[in-house]
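Residue numbers (UniProt numbering): 1 to 242.
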């Protein structure tokens, strides 16, 4: 399955979805630091810097079929750390996300954001209405990273849109779903003396350290994305076999 990622950050969603067997075919990210990280890890993937012009960019040359559009638009309009202005915040990114979905017409849409988005009824209702108008049903759940083995809570809302009338089981209970176990990785070991996020500055300009902390703080936990990716691919395979 082919993935187009919006608001990509440093690629946490993509990493998890790749572990579930998907292929990243495009990324959209405006932040230069994050774009440099993406370029290092996905050097051959086409990349764009403005979600507002993504439909035109994607249509500008032959592209592969997109099965999944994923991303987490800025959470500041809903986060407890922000002013919580909701859809009145200029960073409310769903309309641009929706325009890409409308242009690309994927089979699935995966949205990640802070759990508090659910309490902003007007904003979340707009998302559900738009996706319904595009032919999708939507299931959602607040998933804690620790429920999939991470050493921290990190509660995030994941909303998965799929073709109308074709339900997808397992999103609501990630540790019971379809029985997917996170892929074992050697990286799971005791903590190092220095943090891996930004390490010690060692003469690095403080702005770069702040950029790294900001990028990692916004990143999706890949293990969670991997689990949801397995749910999607299993659902897709069952549809094709039916």
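Yeah, the Cβ is synthetic: ideal placement off N, Cα and C, and Gly gets one too. Please read these numbers as outputs of a predicted model, since none were measured by experiment.
Query                                                                                                                                                                                : Result
State the start and end residues of the unbroken beta strand (DSSP E) segment that holds residue 163.                                                                                : 155 to 163
May I ask you to report which of helix, strand or coil DSSP gives residue 30?                                                                                                        : coil
How many angstroms separate the CA atom of residue 25 from the CA atom of residue 156?                                                                                               : 25 angstroms
Checking the sheet assignment: what are the DSSP bridge partners for residue 140?                                                                                                    : 159
Return the chain-ordered list of same chain residues with a C-beta closer than 8 angstroms to the C-beta of residue 184, the five sequence neighbours on each side being excluded.   : Low confidence applies here, because residue 184 scores a pLDDT of 40, under 50, leaving its location unreliable; read the following figure in that light. None.
Identify whether residue 8 lies in helix, strand or coil by the three-state DSSP scheme.                                                                                             : coil
Would you be able to state if there are at least three C-beta pairs under 8 angstroms between the region 4 to 18 and the region 65 to 74?                                            : yes
Would you mind working out which of 60, 166, 51 sits nearest residue 236, comparing C-alpha positions?                                                                               : 166
Output the distance between the C-alpha atoms of residue 256 and residue 70, rounded to the nearest integer angstrom.                                                                : In the structure displayed, the chain extends from 1 to 242; residue 256 sits before or after that span and is not available.
Could you check whether the Cβ of residue 141 sits closer than 8 angstroms to any Cβ belonging to chain B?                                                                           : In summary, chain B is missing from the structure at hand, where a single protein chain is found.
So, do the region 118 to 127 and the region 16 to 25 have three or more beta carbon pairs nearer to each other than 8 angstroms?                                                     : no
For residue 269, is the classification buried or exposed, using 16 other Cβ atoms within 10 angstroms of its Cβ as the cut-off for buried?                                           : Outside the shown range of the chain, which is 1 to 242, sits residue 269, and nothing can be said about it.
Where residue 96 and residue 161 are concerned, what is the direct C-alpha to C-alpha distance, given to the nearest angstrom?                                                       : 17 angstroms
Label residue 56 either buried or exposed according to how many other C-beta atoms from any shown protein chain fall within 10 Å of its C-beta, with 16 as the threshold for buried. : exposed
On a Cα-Cα basis, can you pick out the residue from 240, 241, 226 that is closest to residue 21?                                                                                     : 226
Assign residue 62 to buried or exposed, taking buried as 16 or more other Cβ atoms, counted over all protein chains shown, within 10 Å of its Cβ.                                    : exposed
Just to confirm the assignment, what range does the beta strand (DSSP E) spanning residue 71 have?                                                                                   : 68 to 71
Measuring alpha carbon to alpha carbon, tell me which residue in 136, 224, 43, 74 is nearest residue 51.                                                                             : 74
Please identify the residue among 130, 53, 58, 93 whose C-alpha is closest to the C-alpha of residue 72.                                                                             : 93
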